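Visitor: Each residue of the sequence shown is one higher than the last, beginning at 892 in our numbering.
Yeah, the Cβ is synthetic: ideal placement off N, Cα and C, and Gly gets one too.
Model, not experiment: these values are computed from the prediction.
Structure below; questions to follow.
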Amino acid sequence: MEQHIFGVTEVNELVKLLLDNEPMLQNICVRGELSNYKMYPSGHHYFSLKDQEGAIRCVMFKGSAMRLRFRPENGMKVVVTGRVTVFPRDGAYQLYCNTMTPEGVGDLAVAFEQLKAKLYAEGLFDPAHKKPLPAYPEKIAIVTSSAGAAVHDMIRILRRRYPIAKVILLPVRVQGAEAPPEIAGAIRYADKWKIGDVIITGRGGGSMEDLWAFNDERVARAIYACETPVISAVGHEPDVTISDFVADARASTPSNAAEIAVPDQVELLRWLRGAEERMEQSETARLDTLRQRLKTLASKRVMTDQLAYVQDKRMALIHVQQRLGDLADGQLARKRQSFAALAASLDAMSPLKVLGRGYAMVQNDAGQILKSCRDVTAGERVSVTLGEGGFSATVEEVRK
């Protein structure tokens, strides 16, 4: 009997048929470590699963990959489900994956830690970017579900604590695939149009999956970009979401968010009454001081005798005038004494005094005083000045 000869494609098709007809391989669950993980622009993911002794090629098409809630990474231990078959063109069998979950922990927990690490590295949790809450907000915007109990609790507390504030509700879905874009859009809208002085966003308690909308990257970035202060109020006190890390303030519950968003009118009124009492006491003390000062001023002489001030100033003026006169007289006396001394000195040095004692002063025709016999010649006319009068003469003889 002649043996049938298969073509390569026939062999591949036969193996594919055998694998496709094996029920165990149609919905198989496989545990392994991710390796050579690649995500192509088409959206398909290609990788290998390996353990200590072997490896299997895997593919996850775009439709299944879009349902992943975490980012697969090389070295991560995962559990995948899918079917094993052969791609006839290559003749290599591979695992076509439908789902993938991290081994040991849920995919949501891994996605939470991955996004938390990413946003932390980008600085979205930096305290330097957090804005202070307004002390006395006039308007409060609430981004939450209009059907939940959380919004009613917040409105009730806001009305009780600070009824003068206006509350604006921006209803959104807080659960499901549509929730993240609605929450992010409402936050951006409230910030752009300044709907409130502070924004509260959150919801009541639930499972991690119920609260997942507030772990969405779009919501986190909308809160970070918001210029209006944002309070995150998600779930109960133990619940922590990415929104809590990014927001300017975290409230343990939605009710707590309402409490920290506004002051308590009872405490505020108590403070105002205390301030009023302190102001009254201060003004009373000031008025008492002014009354005492007025009383002191009223008892002064200038207030009882209107001309007393003028008389006092007149006496002071007379005293100053007398002092100025005494100073002027003293200065004038000193000047006179100095003048007399100087006049006496000049008089003592006057040539007339010398002439008065019998001396004479002889001048030539040019008016020069003759001090030596060499200054004159015989026959020259000279003028002689005496203590009283004078005369002219002719020199008959010069004696040396």
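What three-state label does DSSP hand K1191 in the structure shown?
Guide: Residue state, collapsed to three classes: coil.
Visitor: Tell me which same chain residues have a C-beta within less than 7 Å of the C-beta of S939, skipping the five on either side of it?
Guide: Closer than 7 Å at the Cβ level, and outside the excluded window around S939, lie S926, N927, A946, I947, R948 and C949.
Visitor: Is the beta carbon of A1116 less than 8 Å from the beta carbon of S1134?
Guide: Cβ atoms of A1116 and S1134: not closer than 8 Å.
Visitor: Put Y1115 into one of helix, strand or coil per three-state DSSP.
Guide: Helix at Y1115.
Visitor: Could you give the residue range of the beta strand (DSSP E) that holds Q985?
Guide: Taken as a continuous stretch (DSSP letters only), the beta strand (DSSP E) holding Q985 covers A983 to P993.
Visitor: Pair every Cβ in the segment 1145 to 1163 with every Cβ in the segment 1025 to 1042, then say whether three or more of these pairs are closer than 8 Å.
Guide: Yes, since at least three Cβ pairs between the segment 1145 to 1163 and the segment 1025 to 1042 fall closer than 8 Å, the two stretches touch.
Visitor: On the three-state DSSP scale, how would you describe M967?
Guide: Residue state, collapsed to three classes: coil.
Visitor: So for K953, helix, strand or coil by DSSP?
Guide: K953: helix per DSSP, three-state reduction.
Visitor: Should the segment 1260 to 1271 be called in touch with the segment 1233 to 1241, which here means at least 3 C-beta pairs below 8 Å?
Guide: Output reads no: the segment 1233 to 1241 does not touch the segment 1260 to 1271.
Visitor: Verify whether the separation of the beta carbon atoms of I1048 and A1142 is less than 8 Å.
Guide: Cβ atoms of I1048 and A1142: not closer than 8 Å.
Visitor: Going by DSSP, what residue range makes up the beta strand (DSSP E) through G1281?
Guide: Unbroken beta strand (DSSP E) run through G1281: G1281 to T1285.
Visitor: Does the distance from the C-beta atom of D1139 to that of L1102 stay below 8 Å?
Guide: No, they are not a contact pair.
Visitor: Would you give the residue range spanned by the alpha helix (DSSP H) that T900 belongs to?
Guide: V899 to D911 is the extent of the alpha helix (DSSP H) around T900.
Visitor: Consult DSSP for V1157 and reduce its assignment to one of helix, strand or coil.
Guide: Of the three classes helix, strand and coil, the one that applies to V1157 here is helix, per DSSP.
Visitor: Look up G1165 in the DSSP assignment and give the residues it is bridged to.
Guide: Looking at the DSSP assignment, G1165 forms no beta bridge with any residue, so it has no partner.
Visitor: Output the boundary residues of the beta strand (DSSP E) element that contains F961.
Guide: Careful: F961 lies outside any beta strand (DSSP E) and carries neither H nor E.
Visitor: Can you tell which of I1114, G973 and D911 has its C-alpha closest to the C-alpha of L1015?
Guide: The option with the nearest alpha carbon to L1015 is I1114.
Visitor: Report all residues from its chain with a CB closer than 6 Å to the CB of E924; omit the five preceding and five following residues, and keep chain order.
Guide: So the qualifying residues of the chain are K941 and K968.
Visitor: Can you list, in chain order, the residues of its chain whose CB lies under 6 Å from that of V1121, leaving out five sequence neighbours each side?
Guide: Correct list, in chain order: I1090, I1114, A1138 and D1139.
Visitor: Return the first residue and the last residue of the alpha helix (DSSP H) that R1214 is part of.
Guide: It spans A1199 to A1239 - the alpha helix (DSSP H) in which R1214 sits, taken as one unbroken run.
Visitor: D1107: buried (16+ other C-beta within 10 angstroms of its C-beta) or exposed?
Guide: Buried, since its Cβ has 16 or more Cβ neighbours within 10 Å.
Visitor: Could you tell me if H1210 is buried or exposed, where buried requires 16 or more neighbouring beta carbons within 10 angstroms of its beta carbon?
Guide: Exposed: under 16 other Cβ atoms inside 10 Å.
Visitor: Between K1186 and D1196, what straight-line distance do the alpha-carbon atoms span, to the nearest angstrom?
Guide: If I take the Cα positions, the gap works out to 16 Å.
Visitor: Are the segment 973 to 984 and the segment 901 to 910 touching by the rule of at least three beta carbon pairs closer than 8 Å?
Guide: Cβ pair count under 8 Å is three or more, so yes.
Visitor: Suppose you measure from the CA of Q1297 to the CA of V1042; what does that come to, to the nearest Å?
Guide: Only positions 892 to 1291 of the chain appear in this structure, which leaves residue 1297 out of reach.
Visitor: Measuring only the C-alpha atoms, how far is Q943 from R922?
Guide: Approximately 12 Å, taken between the alpha carbons.
Visitor: Could you compute how far the alpha carbon of Y931 sits from the alpha carbon of S1036?
Guide: Roughly 38 Å between the two C-alpha positions.
Visitor: Which stretch, first to last residue, makes up the alpha helix (DSSP H) that contains H895?
Guide: Looking at the DSSP string, H895 is not in any alpha helix (DSSP H), and its letter there is neither H nor E.
Visitor: Please go through the segment 1028 to 1113 and give each complete beta strand (DSSP E) segment of 3 or more residues, from N-terminal end onward.
Guide: List check, beta strand (DSSP E) in window: 1030 to 1035, 1057 to 1062 and 1089 to 1094.
Visitor: Measuring alpha carbon to alpha carbon, tell me which residue in R1177, E1128 and I1031 is nearest N1147.
Guide: Ranking R1177, E1128 and I1031 by Cα distance to N1147 puts E1128 first.
Visitor: Looking at the unbroken beta strand (DSSP E) that takes in Y928, where does it start and where does it end?
Guide: Per DSSP, Y928 belongs to the beta strand (DSSP E) from I919 to M930.
Visitor: Please tell me whether A1056 and R1064 are closer than 8 Å, where the distance is taken between their beta carbons.
Guide: No, the pair does not count as a contact, with Cβ atoms beyond the cut-off.
Visitor: Could you pull out every residue in the same chain whose Cβ sits closer than 8 Å to the Cβ of K953, ignoring the five residues on either side in sequence?
Guide: S933, G934 and H935, listed in sequence order.
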